[in-house]
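Everything below concerns the one structure shown next.
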């Protein structure tokens, strides 16, 4: 009997192909909205969290926000004597126009110490790193990222070349390994110079930002506590500085991702509800049009539950079929999106399956009233009104 009801439902849908498609359109759009929006959002968030995770769980960032607070490089480097801290790297950052021959561009200039490369796990592909002697003698040397090398020299083979920052020439002594795009700023577009050279360029003598490497990932909390105590002693105001670890940022990103996914899914689910209302409307029209069919079926022995199951089955098939079509179209749209944006977004299958299940629920909920109305028709009334 169940198989026969399904066949009758499919036949009824097939006999009204255009109306059935228009009925499913709301569901198709709703499923596409849910799957595409959530998948793109989660994929983008994953890229951001991956870039943060790549910085290492043992890295800590400290920032002094109060301009009246002055902390010297020597003060900051005293932290290395703590057993929970493996290294400290103060930095001075600014933005300057960098020139080489007829090529120029604005890049981030970062004054670093020798510990910077170890603390942030940065490596070079050619040349050498900045040495202590470079900082002591304020030598005009620079280590550049691959993007800077390509823009100014047209190749990554830039070691030995000369660049001009401001009114001073710098010899390129190293080119960093390619890092790629990153939320926290890629080193590909940075020019690293000795800390003392950056002090001369900016006139800055106080440390505003420094990075800390904990002795191990298990010691991060204790290292953070030690840094906070150190800064509180120097500043006397806990609001004048901030200390953060990548895990804090990751926790925040996960919360944002969950909130955004729920918000987008909720907005898109409204389309599914509108589609469900459309299904109920069409099913009510169908009941009115098929009163004769209902009357004949009841006259030859069909029970009330059989009539109700048939209309419920039609409603569910319309809803689920619309969901499957929407899912198939979502796959195609995401492939086009990946091609255009050169990204690697993938469908979140958990959300996709949840959307299809929601379609089935909508089919039952919005098909119940029309099905119940059809099942309550009396044979004589149905035949008389047909």
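In our numbering, the protein residues as written are 124 to 509. Where a beta carbon is used, it is the ideal one built from N, C-alpha and C, also for glycine.
Nearest-angstrom beta carbon gap, residue j and residue i [assumed within contact, 8 Å]
{"i": "residue 432", "j": "residue 479", "result": "That belief does not hold up - the Cβ atoms of residue 432 and residue 479 are roughly 21 Å apart, past 8 Å."}
{"i": "residue 221", "j": "residue 249", "result": "About 19 Å separates the two Cβ atoms, so there is no contact after all."}
{"i": "residue 185", "j": "residue 343", "result": "Residue 185 to residue 343, Cβ: 13 Å. No contact."}
{"i": "residue 194", "j": "residue 347", "result": "Not quite, the Cβ-Cβ distance comes to about 17 Å (not below 8 Å), so this is no contact."}
{"i": "residue 470", "j": "residue 453", "result": "7 Å"}
{"i": "residue 181", "j": "residue 339", "result": "6 Å"}
{"i": "residue 154", "j": "residue 436", "result": "Incorrect: roughly 20 Å between the Cβ atoms, too far for contact."}
Buried versus exposed call for residue i [16 or more other C-beta atoms within 10 Å across all chains shown]
{"i": "residue 137", "result": "exposed"}
{"i": "residue 386", "result": "exposed"}
{"i": "residue 408", "result": "exposed"}
{"i": "residue 403", "result": "buried"}
{"i": "residue 336", "result": "buried"}
{"i": "residue 151", "result": "buried"}
{"i": "residue 320", "result": "buried"}
{"i": "residue 330", "result": "buried"}
{"i": "residue 226", "result": "exposed"}
{"i": "residue 298", "result": "buried"}
From the options, residue whose alpha carbon lies closest to that of residue i
{"i": "residue 434", "options": "486, 475, 473, 203", "result": "486"}
{"i": "residue 260", "options": "476, 430, 323", "result": "323"}
{"i": "residue 244", "options": "301, 277, 255", "result": "301"}
{"i": "residue 392", "options": "135, 157, 139, 130", "result": "157"}
{"i": "residue 390", "options": "160, 143, 462, 189", "result": "160"}
{"i": "residue 166", "options": "464, 436, 477, 491", "result": "464"}
{"i": "residue 168", "options": "452, 484, 273, 467", "result": "467"}
{"i": "residue 291", "options": "273, 361, 263, 338", "result": "263"}
{"i": "residue 190", "options": "426, 309, 360", "result": "360"}
{"i": "residue 494", "options": "477, 450, 430", "result": "430"}
{"i": "residue 148", "options": "397, 345, 241", "result": "397"}
{"i": "residue 288", "options": "473, 325, 462, 238", "result": "325"}
{"i": "residue 187", "options": "473, 367, 378", "result": "367"}
Nonlocal neighbours in the same chain, by C-beta distance under 7 Å from residue i, ignoring five residues either side
{"i": "residue 235", "result": "212, 214, 253, 315, 318"}
{"i": "residue 286", "result": "221, 222, 223, 265, 275, 293, 295"}
{"i": "residue 489", "result": "399, 400, 402, 403, 438"}
{"i": "residue 203", "result": "210, 211"}
{"i": "residue 405", "result": "142, 146"}
Neighbourhood of residue i by C-beta, 8 Å cutoff - its chain only, sequence neighbours within 5 removed
{"i": "residue 312", "result": "230, 231, 268, 270, 271"}
{"i": "residue 218", "result": "229, 230, 231, 232"}
Own chain partners of residue i with C-beta closer than 6 Å, once the 5 adjacent residues on each side are dropped
{"i": "residue 192", "result": "358, 363"}
{"i": "residue 200", "result": "211"}
{"i": "residue 163", "result": "468"}
{"i": "residue 133", "result": "none"}
Next on the checklist: For a minimum of 4 consecutive residues, which ranges assigned as the alpha helix (DSSP H) are wholly contained in the segment 236 to 304?
Outcome noted: 239 to 242, 255 to 259, 269 to 276
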